[in-house]
Ligand SMILES: NC(=O)c1ccc[n+]([C@@H]2O[C@H](COP(=O)([O-])OP(=O)(O)OC[C@H]3O[C@@H](n4cnc5c(N)ncnc54)[C@H](OP(=O)(O)O)[C@@H]3O)[C@@H](O)[C@H]2O)c1
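Residue numbers (the working numbering): 64 to 353.
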């Protein structure tokens, strides 16, 4: 029995669909009863912040898909570290033999925000003794689905500090396919997952424009202006500075190469940004059209 955490999220909902289609035995972990019912699959209610609920959810489970939210404006350690370590410990105690974890490309010791947090969790997973598959994705194409996960100006243009650097964004549907392959097959190890091409944000804005039916531009700003934008949205300065520093790394090309891991794990080509736009045309049109 597989336990799927983060089942209502951008990767999890694709994984739930895939496991249902293949008739694989699994249970979704959800925080909210109504969201569980809406998934249309067996589910259990639990919260990473309630260790007893996580321990109970592991009953009868032999494989775990471990995924939850990303970095938040917390003081000190990111909550995901405690949450995911708790889940790993509960899984090992329950006899779970394989854990498939979503991490991030660039996870590194002392890294900022999610990069450091995922590194710490990866080390804990390594020491747990469970068979493990670590999926380290590039940026998600789904960040552009509604515009809520990217910075925009009043005119609905994309604002960033990436310059002309390229990013090999990946579709979360492909991450879910890789997770399915790892959960149901014998792939273990660490895999960097990317899309099949790396695009500039000017190219991304141009492709979004064709779906939205209006011109969307990419506007490059200095890191200081991005910090001010994030602070104006209500985030603490230290968080805004860390986000801007991570964006500056991306501008240096840290996410610009591509890998063959999606094809290696699933046997199919990773989706292009154009495929992503075609698959999500109505949502994108409704969100980006003004
Ligand atoms: N966005 C990117 O470009 C990117 C790139 C690389 C890696 N990542 C990593 O990908 C992971 C997923 O990020 P995402 O933004 O796409 O999130 P997401 O998977 O879309 O949403 C988070 C999921 O976790 C669940 N969740 C959150 N807190 C929980 C808790 N306390 N207990 C139980 N379940 C909880 C949420 O449930 P509810 O429905 O109840 O909220 C939701 O299903 C993160 O670790 C992030 O660091 C993101």
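Ideal placement from N, C-alpha and C gives every residue a C-beta, glycine not left out.
Since the structure is predicted, the reported quantities are computational estimates derived from the model, not experimental observations.
Rounding to the nearest angstrom, what Cα-Cα distance links residue i and residue j in this structure?
i, j, result
"residue 329", "residue 86", "17 Å"
"residue 173", "residue 130", "21 Å"
"residue 188", "residue 148", "8 Å"
"residue 192", "residue 114", "20 Å"
"residue 292", "residue 242", "35 Å"
"residue 273", "residue 279", "9 Å"
"residue 123", "residue 64", "7 Å"
"residue 284", "residue 217", "15 Å"
"residue 341", "residue 77", "16 Å"
"residue 302", "residue 136", "6 Å"
"residue 239", "residue 75", "7 Å"
"residue 157", "residue 121", "6 Å"
"residue 334", "residue 208", "15 Å"
"residue 176", "residue 98", "28 Å"
"residue 38", "residue 295", "Beyond the ends of the chain as shown, which are 64 and 353, falls residue 38; an answer cannot be given."
"residue 117", "residue 66", "10 Å"
"residue 133", "residue 163", "16 Å"
"residue 224", "residue 140", "26 Å"
"residue 290", "residue 282", "15 Å"
"residue 111", "residue 287", "35 Å"
"residue 336", "residue 201", "13 Å"
Buried or exposed: which applies to residue i, given that a residue is buried once 16 or more other Cβ atoms fall within 10 Å of its Cβ?
i, result
"residue 138", "exposed"
"residue 258", "buried"
"residue 237", "buried"
"residue 323", "exposed"
"residue 95", "exposed"
"residue 234", "buried"
"residue 73", "buried"
"residue 277", "exposed"
"residue 195", "buried"
"residue 160", "exposed"
"residue 299", "exposed"
"residue 331", "exposed"
"residue 183", "buried"
"residue 186", "exposed"
"residue 346", "exposed"
"residue 211", "exposed"
"residue 244", "buried"
"residue 275", "buried"
"residue 171", "exposed"
Is DSSP giving residue i helix, strand or coil here?
i, result
"residue 68", "coil"
"residue 165", "strand"
"residue 256", "strand"
"residue 214", "coil"
"residue 111", "coil"
"residue 223", "strand"
"residue 296", "coil"
"residue 170", "coil"
"residue 315", "coil"
"residue 262", "strand"
"residue 337", "helix"
"residue 142", "helix"
"residue 244", "helix"
"residue 156", "helix"
Please tell me whether, using a cut-off of 7 Å, the distance from the CB of residue i to the nearest non-hydrogen atom of ligand 2 is below it.
i, result
"residue 98", "Absence of ligand 2 is noted for the structure shown, with ligand 1 being the only ligands found."
Hey, is the region 255-264 in contact with the region 341-353, meaning 3+ C-beta pairs nearer than 8 Å? The region 255-264, when compared against the region 341-353, does not touch it at the 8 Å Cβ threshold.
The region 149-161 in contact with the region 117-129 per 3-pair CB rule at 8 Å: yes
The region 235-252 / the region 299-311 touching (three or more Cβ pairs under 8 Å): Flag = no, the region 235-252 and the region 299-311 do not touch.
I'd like to know if the region 316-325 and the region 225-232 are in contact, where contact means that at least 3 CB-CB pairs between them fall below 8 Å. yes
Kindly confirm or deny that the region 91-111 and the region 160-174 touch, where touching means at least three C-beta pairs closer than 8 Å. no
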